[in-house]
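>
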Amino acid sequence: MQREFLLWLMLLPVSLMQRHKIWQWAVAHQRFSCRLAFLDECSFTLEMRYKLQQWYTHSNWVEQLGLLRFKPYLTIMDPSYPQQLKNIAQPPLVLFYNGDLNLIETKTVAIVGSRHIKDATRAILKAWIPELVRQGFTVISGNAAGVDSVTHRLVLGQRGHTIAVVGTGLECCYPKEHRALQNRISEVGLVLSEYLPWVGPKKWHFPERNRIIVGLTQDIFICQAAKKSGTMVTAEIALDENRNIWIIPGDVLDAAYAGSFELVQEGAQILTSVTDFTEVNQRQ
Numbered sequence: 012m013q014r015e016f017l018l019w020l021m022l023l024p025v026s027l028m029q030r031h032k033i034w035q036w037a038v039a040h041q042r043f044s045c046r047l048a049f050l051d052e053c054s055f056t057l058e059m060r061y062k063l064q065q066w067y068t069h070s071n072w073v074e075q076l077g078l079l080r081f082k083p084y085l086t087i088m089d090p091s092y093p094q095q096l097k098n099i100a101q102p103p104l105v106l107f108y109n110g111d112l113n114l115i116e117t118k119t120v121a122i123v124g125s126r127h128i129k130d131a132t133r134a135i136l137k138a139w140i141p142e143l144v145r146q147g148f149t150v151i152s153g154n155a156a157g158v159d160s161v162t163h164r165l166v167l168g169q170r171g172h173t174i175a176v177v178g179t180g181l182e183c184c185y186p187k188e189h190r191a192l193q194n195r196i197s198e199v200g201l202v203l204s205e206y207l208p209w210v211g212p213k214k215w216h217f218p219e220r221n222r223i224i225v226g227l228t229q230d231i232f233i234c235q236a237a238k239k240s241g242t243m244v245t246a247e248i249a250l251d252e253n254r255n256i257w258i259i260p261g262d263v264l265d266a267a268y269a270g271s272f273e274l275v276q277e278g279a280q281i282l283t284s285v286t287d288f289t290e291v292n293q294r295q
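Number 162 in our numbering belongs to position 151 of the sequence shown; there are no gaps in the numbering.
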């Protein structure tokens, strides 16, 4: 009953914060029926109440719910849901997936960075990722252009394990030219999304997606972060969630790395070699 209610909750036309509010109400009252019983107690505006009532009456949610039942998914109520992900602010209530879900239980590290990857950053990743694979790390990234896709491809090239957390539903791909890469990760790794399978990219999906990348690991490598960038958004989430932030260095005169060095000033650890990270991890 709770799993189906959570699937139904993913169909509701509400924000991430509103969805969590409804879930908290349902848990508090132990009411998990697919009805709008929460409307009177969850402080929705009249406009939102009307919107939800119209959706409930006129949308094809019954058919969509039937389709979702046959998709692979993990809910926050399932025993295999990762504890460190559950502990973040507003953890995903449902994760749809393609691939090997067992990878969420392995030793992980996330690598995130600019969509406009520099040759120096690419060279460092090419030199360091084989050692991460050799040490048995599952490498998490977001299948975006630049650092993300280079990371996934390098891990796959070493026959290592990788997880892609994407900002679309699993039937979609962004950018479109990464469809083959996403399909390959689905076959030999794991692709995760909190969005309905048929939903395409929205601008707010990607900062929302970043919190899941952070939630799945204790360690995040930051590559080539400009001061105002999606990578810095991820770093800020990581700071809030008390994760270990590791900075892959770059040119101090290049604005493409300005955010990275700002994080060093805030206490992030700079890497001069991948063994700086792996040796610390082995001692823990």
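We put the beta carbon where it would ideally sit given N, CA and C, even for glycine.
1) To the nearest angstrom, report how far apart ARG263 and ALA269 are at their CA atoms.
2) Name, in chain order, the residues that DSSP records as bridge partners for HIS172.
3) Based on DSSP bridge pairs, tell me the residues matched to GLY124.
4) Skipping 5 residues on each side, what residues in its chain have a beta carbon closer than 7 Å to that of ILE135?
5) Within 10 Å of its beta-carbon, does LYS213 have 16 or more other beta-carbons around it, so buried, or fewer, so exposed?
6) Determine the direct distance from the alpha carbon of THR68 to that of ARG254, and round the result to whole angstroms.
7) In whole angstroms, what separates the C-alpha of PHE272 from that of THR132?
8) Using beta-carbon positions only, say whether VAL123 and CYS234 come within less than 8 Å of one another.
9) To the nearest angstrom, how far is it from the Cα of LEU192 to the Cα of PRO83?
10) Pick out whichever of VAL225, GLN229, PHE232 and GLY261 has its Cα sitting closest to the Cα of TYR248.
11) Find out if the Cβ-Cβ distance for the pair ILE223, VAL166 is shorter than 8 Å.
12) Per DSSP, what kind of secondary structure is GLN41 in: helix, strand or coil?
13) Can you look up GLY157 in the DSSP assignment and give me helix, strand or coil?
14) Distance, Cα to Cα, ASN301 vs GLU252?
15) Cutting at 8 Å between CB atoms, please list the residues of its own chain near THR179, excluding the five before and the five after it.
16) According to DSSP, what are the bridge partners of VAL105?
17) Helix, strand or coil, according to DSSP, for GLY110 in the structure here?
18) Anyone know if the C-beta pair for GLY157 and ILE115 falls short of 8 Å?
19) Helix, strand or coil for ILE33? Go by DSSP, reduced to three states.
20) Classify SER204 as helix, strand or coil using the three-state DSSP reduction.
21) DSSP state of ILE99, grouped into three classes?
22) Contact defined as beta carbons within less than 8 Å: I believe ILE174 pairs with GLY147. What is the distance between those atoms, to the nearest angstrom?
23) ILE256 lies in the beta strand (DSSP E); which residues open and close that run?
24) Checking the sheet assignment: what are the DSSP bridge partners for THR119?
25) Between ILE33 and LEU18, which are expected to be in contact by the criterion C-beta below 8 Å, what is the C-beta distance as a whole number of angstroms?
26) Assign PHE232 to buried or exposed, taking buried as 16 or more other Cβ atoms, counted over all protein chains shown, within 10 Å of its Cβ.
27) Quick check: the Cα distance between ASP287 and ARG145, rounded to an integer number of angstroms?
In this structure, then:
1) In the sequence under discussion, the amino acid at residue 263 is Val, which differs from the Arg named in the question. Taking the straight line joining both Cα atoms gives about 7 Å.
2) THR149
3) CYS234
4) ILE259
5) exposed
6) 44 Å
7) 15 Å
8) yes
9) 20 Å
10) Reading off the sequence, residue 248 comes out as Ile, not Tyr. Answer by Cα proximity: VAL225.
11) no
12) coil
13) coil
14) A question about residue 301 goes unanswered here, because the residues of the chain that appear run from 12 up to 295.
15) TYR185, SER204, TYR206, VAL210, GLY211, PRO212 and HIS216
16) THR86
17) strand
18) no
19) helix
20) strand
21) coil
22) That pair is no contact at about 14 Å.
23) 255 to 259
24) THR149
25) Their Cβ separation, rounded to whole angstroms, is 13 Å, which puts ILE33 and LEU18 out of contact at 8 Å.
26) buried
27) 15 Å
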